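J.: Chains as they are written, first to last, in the numbering used here: chain H, 1 to 297; chain G, 1001 to 1297. This is the structure I have questions about; it appears just below.
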């Protein structure tokens, strides 16, 4: 059987176009796979189990890395809520097409928050000073500067920096006031980046494993994609911190450092598409179109 | 019950921020709903049933508008294939996370193409001259100029113009050569816009109804999201042209003209977010973050 079409689009063969409309970078041509295979061990970091939350759904497990550097208050609160087993029996309550999937507890079924707090000071951005951003050179619609820092996609206006709402990024729902969120209600971006949410709400991390379990949740038919009946919801069996799990239940991730030479090569391999399928090598890449490589030790 | 968080994000209340970091346009504040309600009838067009294909899936119907102006050869070929009932018994064969869902016929189960052709000249772009593009003023990562024309999101380098790979856009799969596609194998974008496909492949239309049926297809576990067994596929009962359906089975869409004053107001309402939930009114919008309003007559 032959399924043509986009099959070849992600193949990693090397090919330079003779009539490229953009200048092709004068670098050795390596596929993405080769770049990662040839990377030095020092370009990878062990992901801290204390910054991982494991969410157990009926269909499998979702694992999220918390952004301790960008949103320390939310990270600490989510860690406290996980330690209190706050989300055990919570549910996926919303699935909105090309936007977000959201989960939390029903008010009618509360649970003690342990050392967690119900509201937090906003962490919509942080000072730019002292943050090492691996910058993209292509223009961005929403921000003066975009790139990657501490393992996450970020943007900056030169004074503040914030994480961008790319697919797989997780945010903390809030009400109308800036300090009304806490991380108790979380959402994940499943569609084209809703970058208008940047700086309006705190993004707190990203999904490292299990996105395919969240993104296919049947869309809710209520306003904003909320489910209209409790029966439509998916129950969350448990949410645990990696550091509280037995070693046998942990996944030991290594994430490519976003300030490494290898990651800069990854970015270039996404900007200039040298695979034979590409007739136009492109020469640009959006901050939400660069994959952030993760592997299991 | 109270689900806070992003609930308010799409509410259409009017509110201007007193400390807006961007200049707020000096226009009367109307919600998106008000803009559409107050629009003159002449700002809407009847979508031609001859440019609509209705794809029947077990869970419901997907309706796609063909881009007759940008890709006339593919439009004519897809119309011919639909008239030949080419896709009856075809299947969804691929679902790749944050990328595309794809369908076509299994080679082992061929069907006559009628007046359709197996390959077509490429239609990856068309001349810019003579195309009226409603432009966006914000920068774009991939193209010098972006906006909307003939009801579709488009980009241009000043000389050529092409449709952009936003979510919901449908493209014609091809092999390694430019003329190897035909529209017999189609894909729909389900994730963050893979704009690196722009000008590398022909986008041929967009989904007007039923995206929520395609985007939740279980992700395939084979390479590139292909299903590994026939059992995982979803069978397509039929694909028909609207003009060949009995009137009782048609949906009579009106689409907001993308060259209308109403649509320019829609764009501004997406650039400057005046809903009370937004603490930062944003002041920018990406070509893939502007909804293209459609209503049923």
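Cβ coordinates follow ideal geometry from the N, Cα and C atoms, glycine included. Quantities reported herein were computed from a predicted structural model and do not represent experimental measurements.
Contact criterion: CB-CB distance below 8 Å. Does residue 1001 of chain G meet it with respect to chain H?
T.: Caution applies to residue 1001 of chain G, whose pLDDT of 38 falls short of 50 and renders its modelled position unreliable; the value that the coordinates give is listed next. With 8 Å as the cut-off, residue 1001 of chain G counts as an interface residue toward chain H.
J.: Please report how far the alpha carbon of residue 1053 of chain G lies from the alpha carbon of residue 1235 of chain G, in whole angstroms.
T.: Approximately 16 Å between the Cα atoms of the pair.
J.: What do you reckon, are the CB atoms on residue 190 of chain H and residue 101 of chain H nearer than 8 Å?
T.: Yes. Within cutoff.
J.: For residue 1088 of chain G, which residues in the same chain have their Cβ closer than 8 Å to its Cβ, ignoring the five residues on either side in sequence?
T.: Only 1111, 1236, 1237, 1238 and 1239 meet the Cβ criterion.
J.: Return the CA-CA distance between residue 91 of chain H and residue 1232 of chain G, expressed in angstroms with no decimal places.
T.: When rounded, the separation of the alpha-carbon atoms in residue 91 of chain H and residue 1232 of chain G is 27 Å.
J.: Rounding to the nearest angstrom, what Cα-Cα distance links residue 1185 of chain G and residue 125 of chain H in this structure?
T.: 44 Å
J.: Would a C-beta distance cut-off of 8 Å place residue 220 of chain H and residue 212 of chain H closer than the cut-off?
T.: no
J.: Would you identify the three-state DSSP class for residue 1021 of chain G, choosing helix, strand or coil?
T.: Its pLDDT being 39, under 50, residue 1021 of chain G is placed unreliably by the model, and nothing is read from it.
J.: Could you tell me which whole beta strand (DSSP E) segments of length 3 or greater appear in the segment 20-91 of chain H?
T.: 44-46, 52-57 and 60-66
J.: In chain order, what residues of the segment 1139-1155 of chain G put their CB closer than 8 Å to some CB of chain H?
T.: 1139, 1140, 1141 and 1142
J.: Quick one: is residue 1144 of chain G buried, meaning 16 or more other Cβ sit within 10 Å of its Cβ, or exposed?
T.: exposed
J.: Let's test the definition: count the other Cβ atoms within 10 Å of the Cβ of residue 1164 of chain G and tell me whether it reaches 16, buried, or not, exposed.
T.: buried
J.: Mind checking which residues open and close the alpha helix (DSSP H) that includes residue 266 of chain H?
T.: 261-271
J.: Strictly below 7 Å CB to CB, what residues from chain G border residue 278 of chain H?
T.: Taking the beta carbon of residue 278 of chain H as reference, the chain G residues within 7 Å of it are 1200, listed in sequence order.
J.: DSSP puts residue 1103 of chain G in a beta bridge; with which residues?
T.: G/1092 and G/1186
J.: Buried or exposed: which applies to residue 258 of chain H, given that a residue is buried once 16 or more other Cβ atoms fall within 10 Å of its Cβ?
T.: buried
J.: Please name the residue in H/154, H/138 and H/136 whose C-alpha comes closest to that of residue 69 of chain H.
T.: Residue 69 of chain H has its Cα closest to that of H/154, out of H/154, H/138 and H/136.
J.: Among G/1062, G/1279, G/1208 and G/1056, which residue has its Cα nearest to the Cα of residue 174 of chain H?
T.: G/1279
J.: Under three-state DSSP, which class holds residue 1256 of chain G?
T.: strand
J.: Once the 5 residues before and after residue 1093 of chain G are set aside, which same chain residues still bring their CB inside 7 Å of it?
T.: Closer than 7 Å at Cβ, skipping near neighbours: 1102, 1103, 1104, 1226, 1227 and 1233.
J.: Take residue 1133 of chain G and list the residues in its own chain whose beta-carbon comes closer than 8 Å to its own, dropping the five residues that flank it on each side.
T.: 1145, 1147, 1148, 1149, 1154, 1156 and 1161
J.: Please name the residues in the segment 238-254 of chain H whose beta-carbon is closer than 7 Å to at least one beta-carbon of chain G, in chain order.
T.: none
J.: Once you ignore the five residues that flank residue 1297 of chain G on each side, which residues in its own chain have a CB closer than 8 Å to its CB?
T.: 1046, 1252, 1253 and 1254
J.: So, is the C-beta of residue 1211 of chain G closer than 8 Å to a C-beta in chain H?
T.: By this cut-off, residue 1211 of chain G is an interface position.
J.: Measure the alpha-carbon distance for residue 139 of chain H versus residue 1286 of chain G and round it to whole angstroms.
T.: 12 Å
J.: Measure the alpha-carbon distance for residue 1122 of chain G versus residue 1205 of chain G and round it to whole angstroms.
T.: 15 Å
J.: Counting only beta-carbon separations shorter than 8 Å, does residue 206 of chain H have a partner in chain G?
T.: no
J.: Kindly list the residues whose CB is nearer than 7 Å to the CB of residue 1117 of chain G, restricted to its own chain and excluding five residues on each side of it in sequence; keep chain order.
T.: Hits under 7 Å: 1077 and 1182.
J.: Please list, in chain order, the chain H residues whose beta carbon lies closer than 9 Å to that of residue 1129 of chain G.
T.: Under the 9 Å cutoff, chain H gives no residues; its nearest Cβ is about 19 Å from residue 1129 of chain G.
J.: Verify the CB distance criterion: does residue 195 of chain H have a CB-CB separation below 8 Å to chain G?
T.: yes
J.: Between which two residues does the beta strand (DSSP E) holding residue 214 of chain H run?
T.: That residue, residue 214 of chain H, is in no beta strand (DSSP E); its alpha helix (DSSP H) goes 211-214.
J.: Is the beta carbon of residue 1201 of chain G closer than 8 Å to that of residue 1168 of chain G?
T.: no
J.: Mapping DSSP to helix, strand and coil, what is residue 243 of chain H?
T.: helix
J.: Put residue 290 of chain H into one of helix, strand or coil per three-state DSSP.
T.: coil
J.: Helix, strand or coil, according to DSSP, for residue 208 of chain H in the structure here?
T.: strand
J.: Using DSSP with H/G/I as helix, E/B as strand and the rest coil, what is residue 1225 of chain G?
T.: helix
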